[in-house]
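Notes follow once the structure below has been shown.
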Amino acid sequence: MASKNVEIAREYFQAVQNGDLAKVGELLAEEVVWHQPGANQFSGEHKGRDAVFALLGGMMEASQGSFAIDAVHALMGNGDLVAAPIHFAGRREDAAMSMDGVDLLRLKDGKIVEMWLFSEDEVAEDAFWGQ
């Protein structure tokens, strides 16, 4: 089961890197719960596929289309959980952000049902995204 979940997570990150929102949507459960860290305008718990798409769209808008997430090391599976070491970055006219993090995905029936995100510098991430 873990290897199948790792493959699904790998497909998710590839779709994100390619900007393939249709594929991202296929991999997210309708009732997905997304835990965005920090104390910025995007922080908190986002429930449902539409809310996650709104979140990602807001991040793309705030970063003038530059926000990117890349899985940078091997994904690690443990049952229905997959840990993904990532690098994420964004920039706009007056600011830039580039840091490592970890995304922890929970999968069920071939879909991502929950995601927790961790960043190496929550303060700097908050400063980039703003209130």
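Each residue of the sequence shown is one higher than the last, beginning at 46 in our numbering.
From the three backbone atoms N, C-alpha and C, an ideal C-beta is built for every residue, glycine too.
Keep in mind it's a predicted model, so treat the numbers as computed, not measured.
Please tell me whether G122 and V51 are closer than 8 Å, where the distance is taken between their beta carbons. yes
Going straight from the alpha carbon of E170 to that of G83, what length do you get? 8 Å
Where the beta strand (DSSP E) through D145 begins and ends: 140-153
Can you grab the Cα-Cα spacing for the pair M160 / W79, in whole Å? 5 Å
6 Å Cβ shell around L149 - same chain, five flanking residues per side excluded: In chain order, A128, W161 place their CB closer than 6 Å to the CB of L149, counting only its own chain and leaving out the 5 sequence neighbours on each side.
Whose C-beta lies closer than 6 Å to the C-beta of A116 among residues of the same chain, with five residues either side of it excluded? Closer than 6 Å at Cβ, skipping near neighbours: F58, A129, I131.
Among F133, G93, E56, which residue has its Cα nearest to the Cα of E167? F133
Considering G102, what are the terminal residues of the alpha helix (DSSP H) in which it resides? 94-107
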